[in-house]
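Participant:
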Amino acid sequence: LSTFERVTFRPQLAEAFTIREALLWLKSNHYNQIIVGSDCALVVHALDRPIVDDSKFDYFISDCLMLSNLF
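Under UniProt numbering, the first residue of the sequence shown carries the number 1, and numbering increases by one thereafter.
Laid out in structure tokens, this is it:
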């Protein structure tokens, strides 16, 4: 039995989550070279900076950076 729970994300958190999921999918489907684009300036700038904190947003950004190193 599964349940559905409605969750509201800030737009930048949803964008970072979506990029993370796309990277996971691309890696599992054996893509080797990718280009990630986004129109969310907060996400683009976060992917360029080396500092992360303990927020959910920075958790997803950190995951994106780690996953991007696999390509």
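Even glycine gets a Cβ: it sits at the ideal position worked out from N, Cα and C.
How would you write the range of the alpha helix (DSSP H) that THR3 sits in, first residue to last?
Facilitator: Mapped onto the sequence shown, residue 3 falls at position 3. Run containing THR3: none; DSSP gives neither H nor E here.
Participant: Could you name the residues of the same chain whose beta carbon sits closer than 7 Å to that of GLU15, not counting the 5 residues immediately before and after it, in chain order?
Facilitator: As a working mapping, residue 15 is identified with position 15 in the sequence shown. These residues qualify, in order along the chain: SER38, CYS40, VAL43.
Participant: Apart from the five residues just before and just after ALA46, which ones in its own chain have a Cβ nearer than 6 Å to its Cβ?
Facilitator: Position 46 of the sequence shown, counted from the first residue, corresponds to residue 46. Here the set comprises ILE61.
Participant: Going straight from the alpha carbon of ILE34 to that of GLU21, what length do you get?
Facilitator: By 1-based counting over the sequence shown, the position of residue 34 is 34. By 1-based counting over the sequence shown, the position of residue 21 is 21. In a straight line, the C-alpha of ILE34 is about 14 Å away from that of GLU21.
Participant: Taking PHE57 as the reference, give the member of PRO11, HIS30, ASN29 with the closest Cα.
Facilitator: Sequence index remark: in the sequence shown, residue 57 carries index 57 (1-based). Cα-wise, what sits closest to PHE57 is PRO11.
Participant: Could you give the distance in angstroms between the alpha-carbon of SER55 and the alpha-carbon of LEU26?
Facilitator: In the sequence shown, residue 55 corresponds to position 55, counting from 1. In the sequence shown, residue 26 corresponds to position 26, counting from 1. Roughly 25 Å between the two C-alpha positions.
Participant: Roughly how many angstroms lie between the CA atoms of LEU70 and VAL36, to the nearest whole one?
Facilitator: By one-based count along the sequence shown, residue 70 stands at place 70. By one-based count along the sequence shown, residue 36 stands at place 36. Looking at the two C-alpha atoms, the distance is approximately 14 Å.
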